[in-house]
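**Q** Numbering (the working numbering), first residue to last: 14 to 512.
All residues carry an ideal CB built from backbone N, CA and C; glycine is no exception.
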């Protein structure tokens, strides 16, 4: 009983170290028991680039691939030898069946490891592999990984040629399919006709995918079937990486919108990029915690109106970035309906249709978002009163990024006076504020900025300050140097670009 308890405790301790590759490797060297229980964690995601960062990355990838090759069955090794890929006999089989521990497979990282292995091999033996030889290594390794691993939990198909190889393996090697029955996360952005085969296979094998990252290229029938087969989405990411018209209208011109809406109540994370997404569809995502909408095209005022009625009471983070048509009045009402859990708000848009309504945005935040920590959005120079109310109501605010509320925020025709807002921050003295960023066409004076720094000095709070496209009047550098020496200004930097 005692040894079993000891092993269980050991496994739990090692679980806390699963992202610390160096410490886990040291644990594996302690004794046989420690080795047995740390090796599975070391090899569940061996191609993770973070685990390979320290030391000689190329050599680590070379050793990793070599270890997997050494674990191939004799028939596979013979195939590689016949094609002059293994030039020397393998002395002994690996101590562990490392392929059985694989749980996460990112094909981009896998392909990078193969490339490093090939480059190192060529450097040391003066033999360069041909393309068909590299492809053969990939096929044999993947077939073995899919056959030996009892369950792959994460599969990221992000290399075209390898996505096709996996589809071929699943279609022609039935025994290789069972490892995907426990799949929890699936991501793809490989463009290849055989992806439809992969979608079809996954739809048949599992309905338990929780995190789904899909990219739209044009093949939709089997993709929609795979979506239909899933029971419990928790995180959903939809991208249109090729800017295709079909991809852009994927939500509204296919059955995708209605299919996903039926499953939306379990989704806590939603990210939409470069796809037209109707705001009224958000009403289905009743348990949404984080919402990201990026570059979803031009919305008319009629498109924006339904957003005012959407209520997402569990929402904690929202990020909206677009090049077209933002209506602040609708957005403000939406934030008001979201409520007290909101901790992060990011609003970026090149075209604000009602810039004069920015005061409504801050009034809504003041009235409804007491737990706000991060705000990044537009504000008018005449909104100092509403801004002050927000700083008072949102006492947990830590970071501010402010840009002028203009019809076109990235075209700077005349500078907007930031001094009234800077004075308001000085007066309200947000206790937890640690970073202030101002972008896209402000104008302020160094003396007002110095008064602000003095106020931070009085309460012994440091601040980081970033800016771009701003006109600064006075001896700004002199002020910054002075208060940096006084350890009030932690950092200050002009940004060449702010996304």
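Taking residue 181 as part of the alpha helix (DSSP H), name the residues at either end of that continuous run.
**A** It spans 173-185 - the alpha helix (DSSP H) in which residue 181 sits, taken as one unbroken run.
**Q** Span of the alpha helix (DSSP H) holding residue 148?
**A** Start and end: 144-161.
**Q** Please work out which residues of its chain come closer than 8 Å, Cβ to Cβ, to residue 176, disregarding the five sequence neighbours upstream and downstream, and give them in chain order.
**A** Closer than 8 Å at the Cβ level, and outside the excluded window around residue 176, lie 120, 170, 201, 203, 205, 207, 208 and 211.
**Q** Tell me which residues share the same chain as residue 494 and place their Cβ nearer than 7 Å to its Cβ, disregarding the 5 neighbours each side in the sequence.
**A** The answer is none, since no qualifying residue turns up.
**Q** Would you kindly check if the distance between the Cβ of residue 391 and the Cβ of residue 416 is under 8 Å?
**A** For residue 416 and residue 391, yes; Cβs fall inside 8 Å.
**Q** Would you kindly report the start and end of the unbroken beta strand (DSSP E) that includes residue 204?
**A** From DSSP, residue 204 is part of no beta strand (DSSP E); its letter is neither H nor E.
**Q** How long is the line joining the alpha carbons of residue 268 and residue 237, rounded to whole angstroms?
**A** Distance between the alpha carbons of residue 268 and residue 237: 7 Å.
**Q** Step through the CB atoms of chain C and report whether any lies within less than 8 Å of the CB of residue 351.
**A** The chain labelled as chain C is not found in the depicted structure, where only one protein chain is given.
**Q** Please name the residue, chosen from 45, 498, 63 and 376, that lies closest to residue 35 on a Cα-to-Cα basis.
**A** Per the Cα distances, 63.
**Q** Work out the CA separation of residue 239 and residue 273 for me, nearest whole Å.
**A** Rounded to the nearest angstrom, the two C-alpha atoms are 11 Å apart.
**Q** In the region 339-413, which residue ranges form an unbroken alpha helix (DSSP H) of at least 4 residues, counting only runs that do not cross its ends?
**A** Runs of the alpha helix (DSSP H) inside the region 339-413: 341-351, 371-381 and 397-406.
**Q** By a C-beta neighbour count over all protein chains shown, 10 Å radius and 16 as the cutoff for buried, is residue 187 buried or exposed?
**A** With fewer than 16 other Cβ atoms within 10 Å, it is exposed.
**Q** Does the Cβ of residue 197 have 16 or more other Cβ atoms within 10 Å, making it buried, or fewer, making it exposed?
**A** Buried.
**Q** Rounded to whole angstroms, what is the Cα-Cα separation between residue 508 and residue 329?
**A** For residue 508 and residue 329, the distance between alpha carbons rounds to 28 Å.
**Q** Is the region 482-489 touching the region 447-462 in the sense that three or more CB pairs, one from each, lie closer than 8 Å?
**A** Touching, per the Cβ criterion.
**Q** Which two residues bound the contiguous beta strand (DSSP E) that contains residue 255?
**A** Here residue 255 belongs to no beta strand (DSSP E), and DSSP marks it neither H nor E.
**Q** Which one of 313, 271, 228 and 260 has the shortest CA to CA distance from residue 241?
**A** Of the listed residues, the one whose Cα sits closest to residue 241 is 271.
**Q** Starting from residue 121 and walking both ways along the alpha helix (DSSP H), at which residues does that stretch end?
**A** Where residue 121 is concerned, the enclosing alpha helix (DSSP H) stretches over 120-138.
**Q** Between the region 109-118 and the region 157-169, can you find at least three pairs of beta-carbon atoms closer than 8 Å?
**A** Touching, yes, given that three or more Cβ pairs across the two stretches are closer than 8 Å.
**Q** Go ahead and pull the three-state DSSP assignment for residue 108.
**A** Coil at residue 108, not helix or strand.
**Q** Tell me, please, which residues DSSP counts as bridged to residue 449.
**A** Per DSSP, 413 and 478.
**Q** Skipping 5 residues on each side, what residues in its chain have a beta carbon closer than 6 Å to that of residue 388?
**A** Only 358 and 413 meet the Cβ criterion.
**Q** Excluding five sequence neighbours on each side, which residues of the same chain lie with their C-beta closer than 8 Å to the C-beta of residue 223?
**A** Cβ within range, chain order: 197, 198, 245, 246, 247 and 248.
**Q** Which of helix, strand or coil does DSSP assign to residue 325?
**A** If DSSP states are grouped into helix, strand and coil, residue 325 belongs with coil.
**Q** With distance defined between alpha-carbon atoms, name the residue in 370, 243 and 502 nearest to residue 463.
**A** Measuring from the Cα of residue 463, the nearest candidate turns out to be 502.
**Q** Give every residue of the same chain whose Cβ lies closer than 7 Å to the Cβ of residue 477, excluding the five residues on either side of it in the sequence, and list them in chain order.
**A** 447, 448, 503 and 504, listed in sequence order.
**Q** CB-CB under 6 Å to residue 526, same chain, minus the five flanking residues each way: which ones, in chain order?
**A** Past the boundaries of the shown model lies residue 526; the chain is included only from 14 to 512, so the question cannot be answered.
**Q** Rounded to the nearest angstrom, what separates residue 420 and residue 400 at their Cα positions?
**A** Rounded to the nearest angstrom, the two C-alpha atoms are 20 Å apart.
**Q** Where does residue 3 land, buried or exposed, given buried means 16+ other C-beta within 10 angstroms?
**A** The requested residue 3 does not occur in the structure, where the chain is confined to residues 14 to 512.
**Q** Could you give the residue range of the alpha helix (DSSP H) that holds residue 537?
**A** A query on residue 537 cannot be resolved here, the shown segment of the chain reaching from 14 to 512 and no further.
**Q** Quick one: give me the first and last residue of the alpha helix (DSSP H) that residue 431 is part of.
**A** No alpha helix (DSSP H) holds residue 431; DSSP gives it neither H nor E.
**Q** On the three-state DSSP scale, how would you describe residue 308?
**A** Coil, per DSSP.
**Q** Report the option in 56, 406, 139 and 123 whose CA atom is closest to the CA atom of residue 173.
**A** Per the Cα distances, 123.
**Q** Sorted by chain position, which residues of the same chain lie with C-beta nearer than 7 Å to residue 59's C-beta, five sequence neighbours on each side aside?
**A** Result list for residue 59: 77, in chain order.
**Q** Identify the continuous alpha helix (DSSP H) that holds residue 265 and give its terminal residues.
**A** 263-266 is the extent of the alpha helix (DSSP H) around residue 265.
**Q** Roughly how far, in whole angstroms, is the beta-carbon of residue 321 from the beta-carbon of residue 296, given that I think they are within contact range, below 8 Å?
**A** 11 Å between Cβ atoms; not a contact.
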